[in-house]
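Engineer:
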Amino acid sequence: MFCIYVKITMEKRENNNSYSHILKYTGLFGGVQGLNILIGLVRNKLVALILGPEGMGLVSLFNSTIKVVSDSTNFGIAMSAVKNISESIELGDEERLHHVIGTVRTWSLLTALLGMLLCMALSPWLSDWTFSWGDHTLHFVLLSPVIALLAVTGGEAAILKGGRHLKALAVVSVYNMIFALLCSVPLFYFFGQAGIVPSIFLMALMQCVLTIAYSYRLYRPSFSFSRQHFQEGEGMIRLGLAFVVAGIFGSGAEFVLRSYLNNVAGLDIVGLYNSGFVLTMTYTSMVFSSMEADYFPRLSGIRQLGGELNLTVNRQIEVSVLIISPMLVFFMVSLPVVLPFLFSREFLPMQGMMRLTLLAMYFRAVNLPMEYIALSRGDSRSFLFLEAAYYVMFLLLVILGWQRGGLTGTGGALLACTVANFLMVLVYVRWKYHFWLSGDVLTNTMVQVLLGLVACFFTFSLTGVTYWLMGAVMTLASLLFSIRILHARTHLWNSLKNRYFQRFRKK
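So the sequence shown is numbered by this note's numbering: it starts at 1352 and just counts up by one.
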């Protein structure tokens, strides 16, 4: 039995880093993320109609406070545990794997209890800090079990990611989205704002139950509170805390920036900047969402620096750039239609900022796979250094960009910051981990960046029919280039034809 397990593990290792595998799971999680966005739009629209702006604000405040408490008390286990589990999978040691899973579950349970008790204890202060009116202490006490549920869910999701059970993760995500829609809307309709707290709890409970159901079916329940388990979890906690601290850096930088813009420009500019930034990140997450679920576990399973690690990172970069590039050009060109559709014509002034921010996403597609190298090695200091350096640059450059060029200047600053971060990360990982970008990846990335730059220039300089004509040409050029390279790498058409004929024969 163990020999079969090792053989399967080795076969998976050979296939997991192929272009076809990367393309498959980028498409899978991209599709799930796209569905998430669509269901989220429908849900937000219905909730906005039922609760109005005040109710939406209340939901946002509760959710953001829960996120802060959860992120501060879960020790980053949802991220750091993936590395330990992936390493056990690659070693083919089933006994060690179940031992590591027991450690993860034990620490997840402890952080769940810690987070819940801390939320209860801090409820009066959370009410005062979050709201300037009324007493919401009881609401936060009732929401404290949500912190525990999120911690347990994070640990079990890490087990699924580390164990490479990606289809199970996708299924859980889809079911959770559908339940969130079917649960929250009726509660809000019948109970109004009184249904907000129950809906948040029920959604967290459903997500936890679904994740546990899949995880426990694959790996039997196991907990241990021995000293050995606590000691073995220390490395995982150190890496997780680095992830938490990096998140605090990011939240702090965003808070300072929004406060600055609010003081010097007003709430309308804050709203435009935030909408443009969030919309860009949400759109591109359709490609980037697969990195945490699929790429990071694969990278963590590679024990040594060198050829295999370089190959894995280069292939992830190449597929990410080729998939996201046509999407960026299309989105850049279609902003005059998309913004009034999603928001209103009052949001059109953020077009310039968004176009330049979309250009920055080319470099983000290269940066992210390289930044995961430090996490996959358990190198918390390098990860923190890179994150801290980025957020310092981000804050200084965006403030300078606003002073020099207004809202569009903030987009230019985001582009400059991302390019500078790309160069810094590239030099650092070359020095620290002996990683280098392959010639093919550099060439293909430069071609797509050039097409993006030309498209961006056209969107700033052209109007009318010429705008749409050249926009269509640039989108098509980027798409055809990506298809040609992906076809050469994956034999895309043959794979699609074989799959079609197999289904046809079954019928």
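All residues carry an ideal CB built from backbone N, CA and C; glycine is no exception.
If you're wondering where the values come from, they're calculated on a predicted model, not measured in any experiment.
Do V1492 and S1478 count as a contact pair if the criterion is CB distance below 7 Å?
Structural biologist: No, the Cβ-Cβ distance between S1478 and V1492 is not below 7 Å.
Engineer: Quick one, which of R1447, K1783, S1423 has its alpha-carbon nearest L1465's?
Structural biologist: For the residues R1447, K1783, S1423, the minimum Cα distance to L1465 belongs to S1423.
Engineer: Using only CA atoms, which one of M1821, Y1741, E1643 lies nearest to L1508?
Structural biologist: Reading the sequence as shown, one finds Ala at residue 1508 and not Leu. Nearest C-alpha to A1508: E1643.
Engineer: Taking only the alpha-carbon atoms, compute the straight-line gap between Q1442 and S1651 and give it to the nearest angstrom.
Structural biologist: Checking the sequence, you will find Leu at residue 1442 rather than Gln. The straight-line gap from Cα to Cα measures roughly 12 Å.
Engineer: Do three or more CB pairs link the region 1736-1750 to the region 1795-1805 at distances below 8 Å?
Structural biologist: Result no; under three Cβ-Cβ pairs closer than 8 Å.
Engineer: Count the other C-beta atoms from every protein chain shown that fall within 10 angstroms of the C-beta of F1380, then say buried if there are 16 or more, exposed otherwise.
Structural biologist: So F1380 counts as buried.
Engineer: Quick one, which of L1460, S1833, R1755 has its alpha-carbon nearest S1573's?
Structural biologist: That would be L1460, whose Cα lies nearest to the Cα of S1573.
Engineer: Within 10 Å of its beta-carbon, does D1619 have 16 or more other beta-carbons around it, so buried, or fewer, so exposed?
Structural biologist: Exposed.
Engineer: Should W1458 be labelled buried (16 or more other beta-carbon atoms within 10 Å of its own) or exposed?
Structural biologist: Result: buried.
Engineer: With H, G and I counted as helix, E and B as strand and the rest as coil, what does DSSP make of W1787?
Structural biologist: Coil, per DSSP.
Engineer: Sorry if obvious, but does the Cβ on L1379 come closer than 6 Å to a heavy atom of the ligand FAD?
Structural biologist: Ligands in the displayed structure: none, and consequently the ligand FAD is not present.
Engineer: Could you compute how far the alpha carbon of I1675 sits from the alpha carbon of L1402?
Structural biologist: Distance between the alpha carbons of I1675 and L1402 is about 36 Å.
Engineer: Have a look at H1838 and Y1634 and give me their C-alpha separation to the nearest angstrom.
Structural biologist: The alpha-carbon atoms of H1838 and Y1634 are separated by roughly 25 Å.
Engineer: With 16 as the cutoff for other CB atoms within 10 Å, does L1501 come out buried or exposed?
Structural biologist: Looking at its Cβ environment, which holds 16 or more other Cβ atoms inside 10 Å, L1501 is buried.
Engineer: Spell out a yes or no on whether the region 1406-1414 and the region 1553-1569 are touching, meaning 3 or more CB-CB pairs, one atom from each, closer than 8 Å.
Structural biologist: No, they do not touch.
Engineer: Of the residues G1408, W1753, V1398, V1420, which one's Cα is nearest the Cα of V1615?
Structural biologist: The candidate whose alpha carbon is nearest that of V1615 is W1753.
Engineer: Over the uninterrupted alpha helix (DSSP H) stretch that includes S1478, give me the two end residues.
Structural biologist: From DSSP, the alpha helix (DSSP H) with S1478 extends over 1445-1481.
Engineer: For N1718, tell me which candidate among G1591, Q1384, Y1779, A1806 has the shortest Cα-Cα distance.
Structural biologist: Checking every option, the nearest Cα to that of N1718 belongs to Y1779.
Engineer: Using 8 Å as the cut-off, can you tell me whether the region 1431-1439 makes contact with the region 1583-1600, which would need three or more C-beta pairs spanning the two stretches below that distance?
Structural biologist: The answer is yes - the region 1583-1600 touches the region 1431-1439, with three or more Cβ pairs under 8 Å.
Engineer: Can you tell me the Cα-Cα spacing of E1405 and A1399, whole angstroms?
Structural biologist: Going by the C-alpha atoms only, they are around 9 Å apart.
Engineer: Counting only the same chain and skipping the five closest in sequence on each side, list residues whose C-beta sits under 7 Å from that of L1612.
Structural biologist: Cβ within range, chain order: I1620, V1621, Y1624, W1753.
Engineer: Are the Cβ atoms of G1763 and L1707 separated by less than 7 Å?
Structural biologist: Yes, the Cβ-Cβ distance between G1763 and L1707 is below 7 Å.
Engineer: Hey, is the region 1722-1737 in contact with the region 1680-1688, meaning 3+ C-beta pairs nearer than 8 Å?
Structural biologist: As far as the Cβ criterion goes, the region 1722-1737 does not touch the region 1680-1688, which means the pair count is below three.
Engineer: What's the gap between the Cα of H1785 and the Cα of F1682?
Structural biologist: C-alpha separation (whole angstroms): 36 Å.
Engineer: Answer yes if the region 1518-1527 comes into contact with the region 1562-1571, meaning at least three C-beta pairs across the two stretches below 8 Å, and no otherwise.
Structural biologist: Flag = yes, the region 1562-1571 and the region 1518-1527 touch.
Engineer: Answer with buried or exposed for F1698, where buried requires no fewer than 16 other C-beta atoms within 10 angstroms of its C-beta.
Structural biologist: By the neighbour-count rule (16 or more Cβ atoms within 10 Å), F1698 is buried.
Engineer: If I measure Cβ to Cβ from V1596 and keep anything under 7 Å in the same chain, skipping five residues before and after, which residues do I get?
Structural biologist: Closer than 7 Å at Cβ, skipping near neighbours: L1735.
Engineer: If I measure Cβ to Cβ from M1821 and keep anything under 7 Å in the same chain, skipping five residues before and after, which residues do I get?
Structural biologist: Closer than 7 Å at Cβ, skipping near neighbours: F1809, L1813.
Engineer: So, T1867 versus F1714, is the Cβ gap smaller than 7 Å?
Structural biologist: Nothing can be reported for residue 1867: it is not among the residues displayed for the chain, which extend from 1352 to 1858.
Engineer: For A1499 versus M1471, is the C-beta distance shorter than 7 Å?
Structural biologist: No, these two residues do not count as a Cβ contact at 7 Å.
Engineer: Determine, using beta carbons only, whether V1383 and S1566 come nearer to each other than 7 Å.
Structural biologist: For V1383 and S1566, no; Cβs fall outside 7 Å.
Engineer: Given a cut-off of 7 Å on the beta-carbon distance, is the pair M1721 and V1672 in contact?
Structural biologist: Cβ atoms of M1721 and V1672: not closer than 7 Å.
Engineer: Do you know offhand how far G1657's Cα is from R1666's?
Structural biologist: Between G1657 and R1666, the C-alpha separation is close to 14 Å.
Engineer: Assign G1546 to one of three DSSP states: helix, strand, or coil.
Structural biologist: DSSP places G1546 in helix when its eight states are reduced to three.
Engineer: Report back the beta-carbon spacing between T1377 and V1792 to the nearest angstrom; my notes put them in contact at under 8 Å.
Structural biologist: That pair is no contact at about 16 Å.
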